[in-house]
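Residue numbers (my numbering): 1 to 206.
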């Protein structure tokens, strides 16, 4: 069955629909990050910064990811209001908790880095598509990017790209070259999934 929402590209959802959508999206993102972490890889965004810090400090990814996002909720409120800030808080909390819960529940002794990168890109990409649909976010630099775009006209994509490039430069000092290359593959797959499936003017459910 196909549902065409071209007449309303940004449909309104009930609170329950938003919550279940955000929960599923967070689970997809957490699963992707779990596989990425198992291979010792990184990604862009605040999640990538949290992975790098967790590798350097030994603290769990969930704790680091949740903590570094705390200051950004004020920016989320400023950028898009209360609903966006609350959805970002809920999403980050869920991803942080799920990423830690998956360690004993889905124990990965060994994973091919190429497989980890591709599966991360697909899983996290699908998760982000769900978040976009329900007007949520994974917090961090994406919120700052929205503010810069709204206030100064500097495209959010460029802000995200600059941030991610800086992260991968840092990663090149703490990871072996192969890990950096596989990490880049994961980021490319993620962005490909989003680019091919995220459209503001239509939404199809099959």
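Note that the Cβ used here is the ideal one computed from N, Cα and C, for glycine as well. Just so it is clear, the structure is predicted and the values come from calculations on it, not from any experiment.
The Cβ atoms of residue 66 and residue 92 lie closer than 8 Å to each other.
Around the Cβ of residue 110, a 10 Å sphere holds fewer than 16 other Cβ atoms; the residue is exposed. Setting aside the 5 residues that flank it on each side, residue 194 is surrounded in the same chain by 125, 128 and 129, each with a C-beta closer than 7 Å to its C-beta; the list follows chain order. When DSSP states are grouped into helix, strand and coil, residue 60 belongs to the coil group. The Cβ atoms of residue 33 and residue 49 lie no closer than 8 Å to each other. 37 is the residue among 37, 192 and 163 whose C-alpha sits nearest the C-alpha of residue 107. Nearest Cα to residue 99 within the set 35, 168 and 20: 35. Inter-residue distance for residue 12 and residue 132 is about 13 Å (C-alpha atoms, whole angstroms). Contact check for residue 16 against residue 94 fails: the beta carbons are separated by 8 Å or more. The DSSP-derived three-state label of residue 138 is coil. The beta-carbon separation of residue 115 and residue 185, rounded to 10 Å, does not stay under the 8 Å limit for a contact.
Nearest C-alpha to residue 143 among 166, 187 and 86: 86. By the neighbour-count definition (other C-beta atoms within 10 Å, threshold 16), residue 69 is a buried residue. Looking at the backbone, the Cα of residue 21 and that of residue 28 are separated by about 11 Å.
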